[in-house]
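Peer 1:
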Amino acid sequence: MAIKRGLYWFYNDLRLHDNALLAKAAREVTSLHCVFFPELKTQFERRFLPVEINNDAKQHFLMQSVGELNQSLRQIGQVLHKLEADSLGEASQQLSELIGRYDITDLFVAQTASWYAETVVDHLARHHPRLTVHREESHSLFCENTLPFDLSDLPDSFSKFRKLIEKQPITLPGSTVTELPPPINNRQGLPEAYGCFEQAVNLGEQGVRGGELAGLAHVRGYFETDAALSYKQTRNTLDDWRSSTKFSLWLANGNVSPRSIVSQLHRFERRFGANESTYWIVFELLWREYFHWYARCHGARLFAFSGIKYKSPLTSFYAQRFRQWVNGTTPYPIVNACMRQLKQTGYMSNRGRQLVASCLVHELAIDWRYGANYFQHTLIDYDVGSNWGNWQYLAGVGADPRGHRKFDLQKQTQLYDPEEVFIRKWEGDGVSMNVDAVDVVDWPLDNG
2 MAIKRGLYWF
12 YNDLRLHDNA
22 LLAKAAREVT
32 SLHCVFFPEL
42 KTQFERRFLP
52 VEINNDAKQH
62 FLMQSVGELN
72 QSLRQIGQVL
82 HKLEADSLGE
92 ASQQLSELIG
102 RYDITDLFVA
112 QTASWYAETV
122 VDHLARHHPR
132 LTVHREESHS
142 LFCENTLPFD
152 LSDLPDSFSK
162 FRKLIEKQPI
172 TLPGSTVTEL
182 PPPINNRQGL
192 PEAYGCFEQA
202 VNLGEQGVRG
212 GELAGLAHVR
222 GYFETDAALS
232 YKQTRNTLDD
242 WRSSTKFSLW
252 LANGNVSPRS
262 IVSQLHRFER
272 RFGANESTYW
282 IVFELLWREY
292 FHWYARCHGA
302 RLFAFSGIKY
312 KSPLTSFYAQ
322 RFRQWVNGTT
332 PYPIVNACMR
342 QLKQTGYMSN
352 RGRQLVASCL
362 VHELAIDWRY
372 GANYFQHTLI
382 DYDVGSNWGN
392 WQYLAGVGAD
402 PRGHRKFDLQ
412 KQTQLYDPEE
422 VFIRKWEGDG
432 VSMNVDAVDV
442 VDWPLDNG
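Take the position in the sequence shown, starting the count at 1, then add 1; the result is the number in our numbering.
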């Protein structure tokens with residue numbers, strides 16, 4: 002066998018189970034170098050993040066995931082190296098230098114919905130024409146070649162997508178990788194990806210840990226209860242651990258594969274029966290699936306102000322209003338409670354996300370990209386397609402056939418927090434009735 006040296010770039014596939022690309026690396030190369038970037042930073046993101054953020058919970062969860070992956074790799078004779086880059090160009094340069102320094106013949110990178118990560122892979126392929134680049138799906142239920150349409154013909158609404166995709170069988174998850182080629186000599190002295198912190202991340206009432214083992218244990222534990230049988234009725238609850246699956250926490254970094262969740266769900270249905278609620282779990286996973294392919298299809302348009310509809314909303318940026326939204330000091334208690342929950346825990350319910358997004362766009366008239374970018378940097382379960390696709394949907398520039406979604410915040414409070422228990426818990430009633438104390442360029446307004 003010819004000597005083949007592999008470079009495996011872990012992205013959102015931080016696991017050994019159901020990882021077809023890692024299994025392929027085990028077969029294809031004689032030695033392997035495994036690397037990970039904690040974050041790919043872009044000028045775009047910095048532009049739309051004009052406030053200080055608290056993303057401790059997000060980073061803590063991520064480093065638990067990375068640290069556990071390194072421990073798992075060490076058990077099979079490998080090691081994960083941590084790279085740091087302040088820009089996409091620097092990330093490309095570092096990977097390019099590794100390819101040259103170690104005479105890398107094969108690059109392994111899972112297919113992603115991140116347009117930015119894809120630009121890095123494209124750059125490497127162009128600048129290293131002898132490099133063999135291997136790609137596999139790891140973040141989705143389906144592979145591109147099993148979709149019942151060409152990706153360029155992605156349906157323009159979720160309903161159309163669902164009617165087509167539900168006819169397709171979901172492949173069973175692959176086995177766990179138990180052997181890998183030995184590591185390449187680390188002549189550069191790259192640091193290991195340590196960081197498996199013992200302390201759990203506090204979501205307000207429940208402590209959670211990042212990582213593949215914790216994620217798989219959570220999925221198993223969920224289906225050992227009867228919560229799945231009432232999921233559809235409870236999923237919109239604002240603040241209860243059992244009300245929704247919380248699978249998104251471990252799906253985001255690829256600690257758990259979506260196919261492994263569906264496999265566990267089908268096992269549950271065989272034991273206890275299927276109903277509308279168990280179907281709804283798949284339904285929500287299909288929403289996630291739709292936005293994954295939506296991001297893959299539309300690329301940079303995912304981040305465009307006018308979205309995929311080339312329709313510019315009547316919004317702008319107001320620094321004070323945005324700070325009020327971030328800090329939970331708007332005139333809307335339900336929004337304040339949700340935003341304070343996010344700041345303290347790194348998590349917010351799906352219903353809460355819809356309400357605070359509606360407030361930002363339709364009540365505060367702020368460019369939706371500021372909200373999407375804030376979510377990107379603070380949500381533990383940030384997923385590029387789901388996040389930016391949902392924000393486009395709500396702002397009226399995405400896949401919503403109705404044009405936009407505006408929620409009546411008072412009515413939503415009556416529906417989901419009629420006794421204001423959630424609002425009091427997160428101190429959302431510290432209301433600021435004055436939305437504008439300054440003008441658009443931060444000059445004080447004379448309200449006398």
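Quick reminder that beta carbons are idealized off the backbone N, C-alpha and C, glycines included.
With a floor of 3 residues, list each beta strand (DSSP E) that falls wholly inside the region 49-117, ordered by position along the chain.
Peer 2: 81-83, 107-110
Peer 1: L23 by DSSP, collapsed to three states: which one?
Peer 2: Residue 23 sits at position 22 when you count from the first residue of the sequence shown. Residue state, collapsed to three classes: helix.
Peer 1: What number of angstroms, rounded off, separates the C-alpha of L361 from the C-alpha of P183?
Peer 2: Looking up residue 361 in the sequence shown gives position 360. Looking up residue 183 in the sequence shown gives position 182. If you take the alpha carbons of L361 and P183, they lie about 51 Å apart.
Peer 1: If I follow the unbroken beta strand (DSSP E) through V1, where does it start and stop?
Peer 2: Past the edges of the chain, shown from 2 to 449, lies residue 1, and the structure says nothing about it.
Peer 1: Measure the beta-carbon distance from Q65 to G212 and round it to whole angstroms, keeping in mind my assumption that it falls under 8 Å.
Peer 2: Position 64 of the sequence shown holds residue 65. Position 211 of the sequence shown holds residue 212. The distance from the Cβ of Q65 to that of G212 is about 5 Å, consistent with a contact at the 8 Å cut-off.
Peer 1: Rounded C-beta distance between F306 and D368? I'm assuming under 8 Å.
Peer 2: The residue you call residue 306 lines up with position 305 of the sequence shown. The residue you call residue 368 lines up with position 367 of the sequence shown. Between D368 and F306 the Cβ distance is about 7 Å, and since that is below 8 Å, they are a contact.
Peer 1: Taking buried to mean at least 16 other C-beta atoms within 10 Å of its own C-beta, is T106 buried or exposed?
Peer 2: Mapped onto the sequence shown, residue 106 falls at position 105. Flag for T106 reads buried.
Peer 1: CB-CB under 8 Å to R221, same chain, minus the five flanking residues each way: which ones, in chain order?
Peer 2: Within the sequence shown, the letter at position 220 stands for residue 221. Q265, listed in sequence order.
Peer 1: Can you give the Cα-Cα distance for Y117 and R136, rounded to whole angstroms?
Peer 2: One-based indexing of the sequence shown puts residue 117 at position 116. One-based indexing of the sequence shown puts residue 136 at position 135. Rounded to the nearest angstrom, the two C-alpha atoms are 16 Å apart.
Peer 1: Quick check: the region 306-320 against the region 369-379, are there 3 or more CB pairs under 8 Å?
Peer 2: yes
Peer 1: From the DSSP output, which residues share a beta bridge with T177?
Peer 2: As a first step, residue 177 must be located in the sequence shown, where it is residue number 176. The partner list for T177 (beta bridge, DSSP) reads H18.
Peer 1: Kindly give me the distance between the Cβ atoms of Y12 and T113, rounded to whole angstroms, as I take these residues to be in contact under 8 Å.
Peer 2: Working through the sequence shown from its first residue, we reach residue 12 at position 11. Working through the sequence shown from its first residue, we reach residue 113 at position 112. Indeed they touch by this definition, with Cβ atoms about 6 Å apart.
Peer 1: So who's on the other strand from E138, going by DSSP bridges?
Peer 2: Counting from one through the sequence shown, the residue named residue 138 turns up at place 137. For E138, which the question treats as bridged, DSSP gives the partners Q112.
Peer 1: Is it buried or exposed for P402, if we count other Cβ within 10 angstroms and need 16 for buried?
Peer 2: Within the sequence shown, residue 402 is the residue found at index 401, counting from 1. Per the 10 Å Cβ criterion, exposed.
Peer 1: Who pairs with P184 in a beta bridge, going by DSSP?
Peer 2: The residue you call residue 184 lines up with position 183 of the sequence shown. L33, per the DSSP bridge assignment.
Peer 1: Any idea what DSSP makes of G274, helix, strand or coil?
Peer 2: By one-based count along the sequence shown, residue 274 stands at place 273. Reduced to three states, the DSSP call for G274 is coil.
Peer 1: Where R352 and H124 are concerned, what is the direct C-alpha to C-alpha distance, given to the nearest angstrom?
Peer 2: By 1-based counting over the sequence shown, the position of residue 352 is 351. By 1-based counting over the sequence shown, the position of residue 124 is 123. Going from the Cα of R352 to the Cα of H124 covers about 39 Å.
Peer 1: Does the beta-carbon distance from F284 to N391 come in below 8 Å?
Peer 2: The residue you call residue 284 lines up with position 283 of the sequence shown. The residue you call residue 391 lines up with position 390 of the sequence shown. Result no, Cβ atoms of F284 and N391 do not sit closer than 8 Å.
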